Structure formats: C-alpha cells, structure tokens
Amino acid sequence: MADRHTQEQRSHNMRRIRSGGTGPELRVRRIAHALGFRFRLHRKDLPGTPDLVFPRHRKAVFVHGCFWHQHPGCRYACLPATRQDYWLPKLARNAERDADVRNALETDGWQVLEIWECQTRDSELVRQLLWHFFNALPPLQPRMPCGGFPAAGSYKSC
Ligand SMILES: [Zn+2]
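According to the numbering used here, the sequence shown holds residues 21 to 178 in order.
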C-alpha cells in the first residue's frame, strides 16, 4: 500500500492547495489560530465552501477579495474601464451569489463573518473582527484600512 490516496483524493488535495493559499486567507488563518480557535478549511458540504469553518461554534468565515466580491464602498471594488457590459453583470452576480450563500448558511443555523481583503492588511483589525464574532459581541463598525471610497453603491473605475 504505497499510496493510499486515490486519484480523486489527490486532485481534491491539489485543488485545496490551489484554492487555499492566498495571502489574505493565510493571514486570517494565522490570527484565528493564535486566538486559539480550531477550524477546518473549505468545507465543501456547506454552501459557498466557507474559507474557515468552526464546527463547534457553528460559525463560518469568508475571506473575500474586494474586487471579485465587490466590497461595498471600498476603493478596490472598482470597475474596469473597458468591457463594462461584461464586468458589470459578472460582478453583480458574484455579489448576489454571496448574499444567497449567506442566507443559506444562516437559515441552517450558521453565523457568517465576511472579512475583506483590504481589512486583512491590518492584523489588529482582523483580531478584533474575529474576537467580536466569536464572543457574540456587537459587530464592529465597518472599517476600511484602504480609506474607503465615498460614493457607496457607485463604481470607481480602474
Ligand atoms: Zn475592501
């Protein structure tokens, strides 16, 4: 029994490596770990495959890229100047899917925290976000280390 991994498991592991190695997500994982919270990664049996899952607390964390997930009011949630007929519906669909995923999880009794890529640049902020989430404290006022973008709901071009 030299190799106990089936082909299927192997490609599953490869996918996990590819999908799980982004800097922002690693930063959140490291902080969650330092806070002593035990988590699992990318539970595919849950809606949206949350990035970090805390089964004992029934809590799920997504680490979202500000552009792809259209972080409201964030300067990185910009709209490319060209091919807007392609980008607008695509980005709108992403945001819609995120809302559906959140609803599905919450309906099933999960609590969901979204941490945005721009927030992960401030590790103290991530620590506070996780701490409030786990201790069921009132959510923090949304803070954006990027400085934000004044006209929420509208698009800045990039
Ligand atoms: Zn952002």
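In this text, a Cβ means the ideal position worked out from N, Cα and C, and glycines have one as well. As the structure is a computational prediction, the values presented were derived from the model and not from experiment.
State yes or no: is the C-beta of residue i nearer than 6 Å to some heavy atom of ligand 3?
i	result
TRP88	Ligands in the displayed structure: ligand 1; ligand 3 is not one of them.
Do residue j and residue i have their beta-carbon atoms positioned less than 7 Å apart in this structure?
i	j	result
PHE82	ASP71	yes
HIS89	ASP118	yes
ILE135	VAL48	yes
LEU160	HIS152	yes
GLU18	GLY85	Nothing in the structure corresponds to residue 18, since the chain is present only between 21 and 178.
Which value, in whole angstroms, describes the spacing of the CA atoms of residue i and residue j?
i	j	result
PRO158	TYR106	38 Å
PRO109	HIS91	15 Å
ASN33	ARG63	A caution first: ASN33 carries a pLDDT of 43, below 50, which makes its placement in the model unreliable, though a value can still be read off. Near 13 Å, if we compare the C-alpha coordinates of ARG63 and ASN33.
PHE87	GLN131	24 Å
LEU133	CYS178	27 Å
LEU125	THR69	10 Å
PRO100	LEU46	27 Å
LEU66	LEU111	22 Å
Could you work out which residue in the options is closest to residue i when comparing CA atoms only?
i	options	result
SER143	LYS79, ILE51, HIS62	ILE51
GLY56	CYS178, SER177, PHE154	PHE154
GLN139	THR69, HIS53, LEU125, TYR96	TYR96
HIS80	THR102, ARG141, VAL121, GLN148	The sequence shown places Ala at residue 80, not His. Comparing Cα-Cα distances from ALA80 to each of THR102, ARG141, VAL121, GLN148, the minimum goes to VAL121.
Is it buried or exposed, residue i, if we count other Cβ atoms within 10 angstroms and call 16 or more buried?
i	result
ARG30	Low per-residue confidence applies at ARG30: pLDDT is 45, beneath 50, and the placement is therefore not dependable, though the value from the model is reported in the following sentence. ARG30 comes out exposed.
ARG38	Confidence is the limiting factor: at ARG38 the pLDDT is only 47, short of 50, which leaves the residue's position unreliable and the question unanswerable from this model.
PRO75	exposed
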